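Asks:
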Amino acid sequence: ALLGRQHPHEAYDVAIDAYRASLATKSPQTENLSRLVLRAKQAIWAGKETGRLRAMNESLAAVEGLIEAELERGLQGLENRRENGEIGAVGAGEDAAALREEAERNVGNVREAFRVASGGEVQERIVPDYLVDGISFEIMHDPVVTLSGNSFDRVGIVKYIEQAGVDPITRAKMTVQDLRPNYALKAACEEFLDRNGWAVDW
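According to the numbering used here, the sequence shown holds residues 5 to 206 in order.
#1: List the residues that DSSP assigns as beta-bridge partners of V170.
#2: Using the three-state DSSP reduction, which class does F156 fall into: helix, strand or coil?
#3: For the structure I just gave you, are there three or more beta carbon pairs, one from the segment 103–113 and one from the segment 67–74, closer than 8 Å?
#4: For P185, list the residues DSSP reports as bridge partners.
#5: Can you give me the C-alpha to C-alpha distance between R58 and F156, rounded to a whole angstrom?
#6: Going by DSSP in three states, I165 sits in which element: helix, strand or coil?
#7: Can you check which of these residues, A15, P32, N154 and Q181, is closest to A47 by C-alpha distance?
#8: Do I165 and M178 have their beta-carbon atoms positioned less than 8 Å apart in this structure?
#9: Inspect the beta-carbon positions of V41 and A25 and report whether they are closer than 8 Å.
#10: Thinking C-beta only, is A107 closer than 8 Å to L75?
#11: Tell me where the alpha helix (DSSP H) around Q80 begins and ends.
So, in structure tokens, the structure goes:
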């Protein structure tokens, strides 16, 4: 709910606490909470990226500001219609989600146009999900594979297995000896970090 209301920092704080509690209690909701933490972290990074890109290019900032103002007008119009009884809460929520998706798509199109026009200077930086550890939510440095085929950074998964004794995804019993190095993913992580030094702070 906090993510939907554009409060990624608060969403991250709530989600990471719930995630840690689910790990401690071996809850079946761990995987869902893991995805929620990652989405919140991505939203925080996206906010930082928006500020960086706008600082680099005043024209981009102005155009994105117009898109955001249009979104706010649309959301306010929906809220007014809901308060007047013209539409219900569910319909207003669905329409608001559609407006946000359209605004996000428009911002993406504008950023792509500015990236092309600037020769790649104004470009959004994104960390691919497959490089992010599902326990620490950082880019992996020494990825290993569990019996279920999921990859995690060695430090986090070893600590987790020593405490819980199960695979964090399937909940099947496993030991540290069951882990295998994921050399291909390690090479991909190293290559990404070599080309994108900024990602260390992600």
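No residue lacks a Cβ here, since even glycine has one placed at the ideal position from N, Cα and C. None of these values were measured; they are calculated from a predicted model.
Replies: By the coordinates alone:
#1: K177
#2: strand
#3: yes
#4: V148
#5: 34 Å
#6: helix
#7: A15
#8: yes
#9: no
#10: yes
#11: E62 to E87
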